[in-house]
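According to my numbering, the sequence shown is numbered sequentially starting from 5.
Notes follow once the structure below has been shown.
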Amino acid sequence: MKALLVVAHGSRRPQSNQEVVTLAETMANKLSDYQQVHAAFLELVEPSISQKIEQCYQTGIRQIVMYPHFLAAGTHVVNDLPRIIEQAKQDYPDLDIDLQPHLGGFDGLAEFICQSL
5 MKALLVVAHG SRRPQSNQEV VTLAETMANK LSDYQQVHAA FLELVEPSIS
55 QKIEQCYQTG IRQIVMYPHF LAAGTHVVND LPRIIEQAKQ DYPDLDIDLQ
105 PHLGGFDGLA EFICQSL
């Protein structure tokens with residue numbers, strides 16, 4: 005079984021967090037290859053990424069694709085997410101986690117932005 009985690013920083017502004025939850029819900033409706041799709045947050049708000057990884061594992065998920073909803077490859081993308089993934093792999097050795105490129109690392113981003121202007 006496979007899950008997608010849409011991970012974001014987390015905000016003190018509830019509307020910003022809701023945008024990520026709504027994105028995950030929209031993606032869930034479009035992605036039939038995933039048994040579960042969730043939003044999770046690095047800090048400031050729950051559910052945390054670690055909590056969602058554990059929840060997925062407890063429900064039988066053994067493959068997680070992690071989409072980092074971050075614009076730039078800052079410390080969270082370069083250091084924090086790999087650290088969380090490494091800890092999860094130690095906790096759940098039979099769990100496979102695939103970290104996708106962050107939003108700003110998407111090859112077609114410039115074209116997408118230009119088309120929407």
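We put the CB at the ideal spot given by N, CA and C, even for glycine.
Asked	Found
From this set, E47, Q67, P86, which residue's C-alpha is nearest H106's C-alpha?	P86
For V49, which option in D84, D111, S20 has the closest C-alpha, if you only look at C-alpha atoms?	S20
Indicate the three-state DSSP secondary structure (helix, strand or coil) for M31 in the structure shown.	helix
So what's Y71 in DSSP terms, helix, strand or just coil?	strand
Report the partner residues of D102 according to the DSSP bridge assignment.	V69
Can you tell me whether G108 is buried or exposed? The criterion is at least 16 other CB atoms within 10 Å of its CB, across all chains shown.	exposed
Nearest-angstrom Cα distance between Q91 and T26?	27 Å
Can you list, in chain order, the residues of its chain with a C-beta nearer than 8 Å to that of A76? Leave out the 5 residues immediately preceding and following it.	H106, G108
Quick check on this structure: which residue in V11, K6, D95, D102 has the alpha carbon closest to the alpha carbon of E47?	V11
Answer with buried or exposed for G14, where buried requires no fewer than 16 other C-beta atoms within 10 angstroms of its C-beta.	buried
What residue from E29, E115, P97 has the CA that sits closest to Q67's CA?	P97
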